[in-house]
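Trainee:
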Amino acid sequence: PPPAGELKIPHANPAIERQSQSIYFSLIVPTYNEARNVEQIVRVLTGLLDHALPNDYELIIVDDDSPDRTWEIAQQMTVDFPNLRVMRRQAERGLSTAVIRGWQAARGEVLGVIDGDLQHPPEVLLKLLQAIKNGADLAVASRHIEGGGTSDWGLIRRVLSRGAQLLGLVILPSVVGRVSDPMSGYFMVRRSAIADCLLSPLGYKILLEVIGRGQVDRVTEVGYVFQERQEGESKVTWRQYVEYLMHLGKLRSRGRISRLREKFQLGRFLRFGLVGFSGVFVDMAAFYFLRTSLGLNLARSTMLSAELAVINNFLWNDLWTFGDIARGQPGKRQRFKRFLKFNTICLMGIILQALIVSLFHDVFHVSEFIAKPIAIVLVTFWNFWINLKLSWRV
Ligand code: GDD
Ligand code: MN
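Count along the sequence shown from 1, then add 8; that gives the number in the UniProt record's numbering.
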């Protein structure tokens, strides 16, 4: 199967726009070999939701082409359950991608997930829905708060589960520390909190991805007791533990890199440098043209070609380097203002360059051919920062 890569939940599902039938709640039920549970869970969930949100919800079973034909049972039920949809996936596998694929196809404003094996008590759904109605962006069913627990887990299972959580707290406190049960696969989230965020589903723990990548402000937790499995069997093996660790590492490095990027604006600075580099060629070409073809004198040619380079750099910077910011300040007047500031700052930069060169040359007795590149680098930093703060105003 092709790797899922990074996936996005759309702000509004195109299907909604077309048919103008947005609904409040979409609940995903991922299944793999749950033939003996699927009928009951659909019945219980629709019973609850028909009451709480009559015709304002959908239930989406996402089945990975289960050998026990869970999908077939579910498909047959759609006749009697109009709010039930079934996705049978044949090209992709995995719990997290199943949930995300379901959300991508969903029409709801609020997106939820619940296990398909009845280990998550269905009544808790109503409390989760209430939490969202009360303003939470994310409502999580938790085993580790008041009213929560596990039925009778052995010592080893408890230790493994808590150990994984503790490890998560050490590796990624900003994500794992936000909820008491970060391993929960029973929760709901506002679409707006995760829309257009890149989610890279890895392993079993989709909640980590939602907290780590989404814009989740308010979190509410609701206690629940994790039930024993009555039918079928768990799909968890040692492999899920390894994937969990890899997932934590990935989220962590992603967070660290993007924070660094944001702080130092690395990408932006590289673009700025590249644009500056292009300016050198514009400057030289114009200078050559003005001197040879137009026969302007040296001082005029130098100034005019420098100004042309400044204009060139401004246009590229406004379009590319700072394009994201510029698009937020539209209009010819605004653009002209940015240009004037950019021009002034560049002129000041040239004066600064002259000062630095003479400082290195006259005071520190550095060769002028070494002093000049040092000055260029320093002034590029100056130009970048001042323009960032004043011309494009971050
Ligand atoms: N579509 C799809 N594809 N579904 C899957 C897959 C898959 O590859 N693997 C598992 N599922 C479905 C199962 O059929 C079940 O409905 C649900 O996902 C959970 O799988 P289990 O194998 O029963 O997991 P568990 O009981 O050990 O753990 C569950 O409970 C934890 C505690 O709340 C998971 O849901 C965890 O995410 C959750 O934290
Ligand atoms: Mn289970």
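Beta carbons: idealized from backbone N, C-alpha and C, even for Gly. Computed from a predicted model, the values in this text were never measured in an experiment.
#1: Which residues have their C-beta within less than 6 Å of a heavy atom of the ligand GDD, listed in chain order?
#2: So, helix, strand or coil for Lys16, using DSSP?
#3: Grouping DSSP H, G and I as helix and E and B as strand, with all else coil, what is Leu207?
#4: Quick one: what does DSSP say Ser309 is sitting in, helix, strand or coil?
#5: Going by the beta-carbon positions, is the gap between Ser30 and Arg93 smaller than 9 Å?
#6: With distance defined between alpha-carbon atoms, name the residue in Ser150, Tyr194 and Ile219 nearest to Leu206.
#7: CB Glu229 to CB Ala149, shorter than 9 Å?
#8: Quick one: residues in its chain with C-beta nearer than 7 Å to the C-beta of Glu236, no 5 flanking neighbours on either side, listed in chain order?
#9: Determine whether the beta carbon atoms of His128 and Tyr32 lie at a separation below 9 Å.
#10: Quick test of the definition: if touching needs 3 or more C-beta pairs under 8 Å, does the region 101 to 114 touch the region 210 to 218?
#11: If Ala334 and Trp393 are in contact, beta carbons under 8 Å, what's the gap, nearest whole angstrom?
#12: Between Phe277 and Asn391, what straight-line distance do the alpha-carbon atoms span, to the nearest angstrom?
#13: Can you determine whether any heavy atom of the ligand SAM sits closer than 8 Å to the C-beta of Arg237, and answer yes or no?
#14: Measure the alpha-carbon distance for Val250 versus Val227 and round it to whole angstroms.
#15: What is the DSSP secondary structure of Tyr296, counted as helix, strand or coil?
#16: Does the region 283 to 296 come close enough to the region 307 to 321 that 3 or more CB-CB pairs lie under 8 Å?
#17: Note the first and the last residue of the continuous beta strand (DSSP E) segment covering Gly185.
#18: Write down the C-beta distance between Arg199 and Val121 rounded to the nearest angstrom, noting that I regard them as a contact closer than 8 Å.
#19: Which residue comes first and which comes last in the beta strand (DSSP E) that contains Ile68?
#20: Return the CA-CA distance between Leu126 and Gln98, expressed in angstroms with no decimal places.
#21: Quick one: Cα of Val52 to Cα of Gly263, how far?
#22: If contact is defined by three or more beta carbon pairs under 8 Å, each pair taking one atom from either stretch, is the region 362 to 380 in contact with the region 335 to 348?
#23: Given Leu221, which residues of its chain have a CB within under 6 Å of its CB, disregarding the five upstream and five downstream residues?
#24: Of all the options Lys345, Met191 and Leu177, which has the alpha carbon lying nearest to the alpha carbon of Val244?
#25: Can you look up Ala85 in the DSSP assignment and give me helix, strand or coil?
#26: Taking the continuous beta strand (DSSP E) assigned at Thr39, which residues delimit it?
#27: Here's a check: name, in chain order, each residue in its chain whose Cβ is nearer than 7 Å to the Cβ of Thr388, leaving out the five neighbours to either side.
#28: Closer than 9 Å, CB to CB, is Val318 near chain D or not?
Mentor: Walking through what the data contain:
#1: Here the list is Pro38, Thr39, Tyr40, Glu42, Val70, Asp71, Asp72, Arg101, Gly102, Leu103, Ala106, Asp123, Gly124, Asp125, Gln127, Met191, Ser192, Gly193, Tyr194, Tyr212, Phe234, Ser242, Lys243 and Val244.
#2: Taking the first residue of the sequence shown as 1, we reach residue 16 at position 8. If DSSP states are grouped into helix, strand and coil, Lys16 belongs with coil.
#3: As a first step, residue 207 must be located in the sequence shown, where it is residue number 199. Strand at Leu207.
#4: Residue mapping note: residue 309 aligns to position 301 of the sequence shown, counting from 1. Annotated three-state conformation of Ser309 is helix, per DSSP.
#5: Translated into positions along the sequence shown, residue 30 becomes position 22. Translated into positions along the sequence shown, residue 93 becomes position 85. Cβ atoms of Ser30 and Arg93: not closer than 9 Å.
#6: The residue labelled residue 206 in the question sits at position 198 within the sequence shown. The candidate whose alpha carbon is nearest that of Leu206 is Ile219.
#7: As a position in the sequence shown, residue 229 is number 221, starting the count at 1. As a position in the sequence shown, residue 149 is number 141, starting the count at 1. Going by C-beta atoms, Glu229 is nearer than 9 Å to Ala149.
#8: Within the sequence shown, residue 236 is the residue found at index 228, counting from 1. Leaving aside the five residues that flank Glu236 on each side, the residues in its chain whose CB is nearer than 7 Å to its CB run, in chain order, Ser159.
#9: Position 120 of the sequence shown holds residue 128. Position 24 of the sequence shown holds residue 32. Against a cut-off of 9 Å, the Cβ pair of Tyr32 and His128 comes out as no contact.
#10: A contact between stretches requires three or more CB pairs, one per stretch, nearer than 8 Å, and the region 101 to 114 meets this requirement with the region 210 to 218.
#11: Walking along the sequence shown from the start, residue 334 turns up at place 326. Walking along the sequence shown from the start, residue 393 turns up at place 385. Here Ala334 is actually not in contact with Trp393; their C-beta atoms are around 17 Å apart, not less than 8 Å.
#12: For the purposes of this step, residue 277 is taken as the residue at position 269 of the sequence shown. For the purposes of this step, residue 391 is taken as the residue at position 383 of the sequence shown. Near 10 Å, if we compare the C-alpha coordinates of Asn391 and Phe277.
#13: Of the ligands one can find in the structure shown, namely the ligand GDD and the ligand MN, none is the ligand SAM.
#14: As a working mapping, residue 250 is identified with position 242 in the sequence shown. As a working mapping, residue 227 is identified with position 219 in the sequence shown. Roughly 27 Å separates the two Cα atoms.
#15: The residue you call residue 296 lines up with position 288 of the sequence shown. Three-state DSSP puts Tyr296 in a helix.
#16: Output reads yes: the region 283 to 296 touches the region 307 to 321.
#17: In the sequence shown, the residue the question calls residue 185 occupies position 177. Segment: none, Gly185 is in no beta strand (DSSP E) and carries neither H nor E.
#18: Here the question's residue 199 lines up with position 191 in the sequence shown. Here the question's residue 121 lines up with position 113 in the sequence shown. Arg199 to Val121, Cβ: 13 Å. No contact.
#19: For the purposes of this step, residue 68 is taken as the residue at position 60 of the sequence shown. If you look at Ile68, you'll find it in the beta strand (DSSP E) that goes Tyr65 to Asp71.
#20: By one-based count along the sequence shown, residue 126 stands at place 118. By one-based count along the sequence shown, residue 98 stands at place 90. Here the alpha carbons of Gln98 and Leu126 stand approximately 24 Å from one another.
#21: For the purposes of this step, residue 52 is taken as residue 44 along the sequence shown, with counting starting at 1. For the purposes of this step, residue 263 is taken as residue 255 along the sequence shown, with counting starting at 1. Rounded to the nearest angstrom, the two C-alpha atoms are 40 Å apart.
#22: The region 362 to 380 and the region 335 to 348 do not touch, with fewer than three beta-carbon pairs separated by less than 8 Å.
#23: Walking along the sequence shown from the start, residue 221 turns up at place 213. The identity of residue 221 in the sequence shown is Arg, whereas the question assumes Leu. The beta carbon of Arg221 lies closer than 6 Å to those of Cys205 and Leu207 in the same chain, with the five residues before and after it left out.
#24: The count along the sequence shown starts at 1 and reaches residue 244 at position 236. Answer by Cα proximity: Met191.
#25: Here residue 85 corresponds to residue number 77 of the sequence shown, with the count starting at 1. Reading off the sequence, residue 85 comes out as Met, not Ala. Three-state result, Met85: helix.
#26: As a first step, residue 39 is located in the sequence shown; it is residue number 31 there, counting from the start. Ile31 to Thr39 is the extent of the beta strand (DSSP E) around Thr39.
#27: By 1-based counting over the sequence shown, the position of residue 388 is 380. Answer for Thr388: Gly281 and Gly284, listed in chain order.
#28: You won't find chain D in this structure, because it holds only one protein chain.
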